[in-house]
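Participant: Mind looking over this structure? Questions follow.
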Amino acid sequence: MKAVLMTAAGNPEVLQLQEVTKPTPGNTELLVRLVAAGINPIDTKLRKRGTFYPENMPAILGCDGAGVVEAVGADVKQFRPGDEVYFCYGGLGAHQGNYAEYTTVDERFVARKPKSVSFAEAAAVPLVLITAWEALYERGRLEPGDKTLIHAGAGGVGHVAIQLAKLKGADVATTVSSQAKANFVTQLGADKVIFYKQTDFVQATLDWTNGEGVDLAFDTIGGDVLEKSFPAVRVYGDVVTILEPSANTTWKVARNKNLRIGLELMLTPMLLGNVEGLQHHGEILQQCANWIDDGKLKIHVSQTFPLAAAAQAHELLETGSVTGKIVLLIDDN
């Protein structure tokens, strides 16, 4: 089969289309003919610095996949050949990723693809959706009527987080850099749009909440955004970040306000081999597939590339200006 191999850590040019052996499913696994693979910032980070398992080089990147079940293991009970599925599994260096024509994945970790969207849209969903779900609903304990500040609302995680927050019954403020992105997040349901380049987002958030601060701030950017968000959160409120806090972070404001700090890394179950967590991811995707088919949740694919152009897709993502998601179309070569 064809697959894009990461031959070494480095620039996008280390991603090379090559022929590799087609995998064989284990007893509880599905063999999936991949139709599309989502691209995420973790892919570009691993490409630049190396995977979590450097002894397993060369590696196939790509955590997000969508495709058609081609064969099933002897003990598979829930799926059969011909089923359309989507999932977030592989791509960290231990198990093969989804920049390939085929992959294998345990049936417990996948969900049936939403019927109302394309494979490209389905492949764009899993990682960002699970991240936003866990950050808002589980780490941040968002409740109906809460006010939340979501940074970078037009981004991959952000544009899904806005919709999940609205589905929970929360009010949403979000930061953007342009009028086009403001229009985009407004269509998704954002109640307050903050142009962070022209406006102090903390003051804008305090004005929006009558000086009290939001119940939950969600940092999808990293750097100093985490620390800068502390004054925008109410006393005893929550802050969740998907990035590792900087060693230079000053926690005084967070401590004085008794903020609850949540760290969200949806890759944890994959990294630790936690089957219960991976199974939970499958359950999240199944619930969200229902919402997608009901028209309550939308995913925005900004651009697609053929599998052979994975390097160009990485280059685009690394510009930092992408709205929504980028997807590889596996058979568009």
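The opening position of the sequence shown corresponds to residue 1 in the UniProt record's numbering, with each subsequent residue numbered one higher. Note that beta-carbon positions come from the ideal geometry of N, C-alpha and C, so glycine has one too. Bear in mind that the values here come from a model prediction, so they are computed numbers and not experimental data.
Nearest by alpha-carbon distance to K168: which of V157, S178 and D146 is it?
Facilitator: Taking the first residue of the sequence shown as 1, we reach residue 168 at position 168. Measuring from the Cα of K168, the nearest candidate turns out to be D146.
Participant: On the DSSP bridge assignment, give the partners of Q16 in chain order.
Facilitator: Translated into positions along the sequence shown, residue 16 becomes position 16. In the DSSP output, where bridge partners are listed per residue, Q16 has L5.
Participant: Which one or two residues does DSSP pair with G65 in a beta bridge?
Facilitator: Here residue 65 refers to the residue found at position 65 when the sequence shown is read from its first residue. Bridge partners of G65: A37 and F87.
Participant: Consult DSSP for S246 and reduce its assignment to one of helix, strand or coil.
Facilitator: For this step, residue 246 is matched to residue 246 along the sequence shown. Of the three classes helix, strand and coil, the one that applies to S246 here is coil, per DSSP.
Participant: Taking DSSP's pairing of strands, which residues face Y102 in a bridge?
Facilitator: Translated into positions along the sequence shown, residue 102 becomes position 102. R33, per the DSSP bridge assignment.
Participant: Starting from the Cα of P114, find the closest Cα among D293, G320 and G222 and give me that residue.
Facilitator: Counting from 1 along the sequence shown, the entry for residue 114 is found at position 114. Considering only alpha carbons, the answer is D293.
Participant: Quick one: Cα of G155 to Cα of V176, how far?
Facilitator: As a working note, residue 155 is residue 155 in the sequence shown. As a working note, residue 176 is residue 176 in the sequence shown. Each residue's alpha carbon lies about 9 Å from the other.
Participant: For N333, which residues of its own chain have a beta-carbon under 6 Å away from its beta-carbon, when the five flanking residues on both sides are left out?
Facilitator: Indexing the sequence shown from 1 puts residue 333 at position 333. A caution first: N333 carries a pLDDT of 49, below 50, which makes its placement in the model unreliable, though a value can still be read off. Contacts found: P306, L307 and A308.
Participant: With a threshold of 8 Å on Cβ separation, who are the neighbours of G295 within its own chain once the five nearest residues in sequence on each side are excluded?
Facilitator: In the sequence shown, counting from the first residue as 1, residue 295 sits at position 295. Around G295: S116.
Participant: Once you ignore the five residues that flank E121 on each side, which residues in its own chain have a CB closer than 6 Å to its CB?
Facilitator: Position 121 of the sequence shown, counted from the first residue, corresponds to residue 121. Excluding residues within five positions, the ones whose Cβ falls inside 6 Å are I299 and V301.
Participant: Put R234 into one of helix, strand or coil per three-state DSSP.
Facilitator: If you number the sequence shown from 1, residue 234 lands on position 234. Note: R234 maps to strand in three-state DSSP.
Participant: Let me check one thing: in DSSP terms, what residues is A59 bridge-paired to?
Facilitator: Taking the first residue of the sequence shown as 1, we reach residue 59 at position 59. M6, per the DSSP bridge assignment.
Participant: Specify whether the stretch 130-146 and the stretch 45-60 touch according to this definition: at least 3 beta carbon pairs, one from each stretch, less than 8 Å apart.
Facilitator: No: fewer than three Cβ pairs fall under 8 Å.
Participant: Tell me whether I150 sits in a helix, a strand or coil according to DSSP, three-state version.
Facilitator: Taking the sequence shown and counting its residues from 1, one reaches residue 150 at position 150. Strand, per DSSP.
Participant: Does the beta-carbon of V193 have 16 or more other beta-carbons within 10 angstroms, so that it is buried, or is it exposed?
Facilitator: Here the question's residue 193 lines up with position 193 in the sequence shown. Answer is buried; the Cβ neighbour count reaches 16.
Participant: Pick helix, strand or coil for R139, following the three-state DSSP scheme.
Facilitator: If you number the sequence shown from 1, residue 139 lands on position 139. Correct three-state label for R139: helix.
Participant: May I ask which residues mark the beginning and end of the beta strand (DSSP E) holding R255?
Facilitator: By 1-based counting over the sequence shown, the position of residue 255 is 255. Premise fails: R255 lies in the alpha helix (DSSP H), K252 to N256, not in any beta strand (DSSP E).
Participant: Note down, one range per segment and in chain order, each alpha helix (DSSP H) of at least 4 residues found wholly within the stretch 255-303.
Facilitator: The qualifying runs are 268-272 and 275-293.
Participant: Tell me the rounded alpha-carbon separation between E13 and M57.
Facilitator: Position 13 of the sequence shown, counted from the start, is the residue given in the question as residue 13. Position 57 of the sequence shown, counted from the start, is the residue given in the question as residue 57. Straight-line Cα distance between these residues: approximately 16 Å.
Participant: Going by Cα to Cα distance, which pick from H280, G282, Q287 and T268 is closest to I42?
Facilitator: Stepping through the sequence shown from its first residue, residue 42 is reached at position 42. Selected option, being the one with the closest Cα: T268.
Participant: What I want to know is whether the C-beta of E70 ends up closer than 8 Å to one or more non-hydrogen atoms of the ligand NAD.
Facilitator: Although the ligand NAD was asked about, the structure shown includes no ligands whatsoever.
Participant: With the cut-off set at 9 Å, would you say G38 and K228 are in Cβ contact?
Facilitator: One-based indexing of the sequence shown puts residue 38 at position 38. One-based indexing of the sequence shown puts residue 228 at position 228. Contact flag unset, no.
Participant: Using 8 Å as the threshold, is the stretch 96-114 in touch with the stretch 60-76, meaning 3 or more CB pairs across them?
Facilitator: Because the criterion of three Cβ pairs below 8 Å is met, the stretch 96-114 and the stretch 60-76 touch.
Participant: What residue range does the beta strand (DSSP E) around L307 cover?
Facilitator: If you number the sequence shown from 1, residue 307 lands on position 307. Premise fails: L307 is in no beta strand (DSSP E) and is neither H nor E.
Participant: How about the stretch 236-249 and the stretch 171-189: do they share at least three Cβ pairs that are nearer than 8 Å?
Facilitator: Taking 8 Å as the limit for Cβ pairs, the verdict is that the stretch 171-189 does not touch the stretch 236-249.
Participant: Rounded C-beta distance between A66 and F119? I'm assuming under 8 Å.
Facilitator: Working through the sequence shown from its first residue, we reach residue 66 at position 66. Working through the sequence shown from its first residue, we reach residue 119 at position 119. Between F119 and A66 the Cβ distance is about 5 Å, and since that is below 8 Å, they are a contact.
Participant: With a 10 Å radius around its C-beta and 16 neighbouring C-beta atoms as the bar for buried, classify R80 as buried or exposed.
Facilitator: Position 80 of the sequence shown, counted from the first residue, corresponds to residue 80. Burial call: exposed.
Participant: If you measure between the beta carbons of H314 and F87, is that distance less than 9 Å?
Facilitator: As a position in the sequence shown, residue 314 is number 314, starting the count at 1. As a position in the sequence shown, residue 87 is number 87, starting the count at 1. No.
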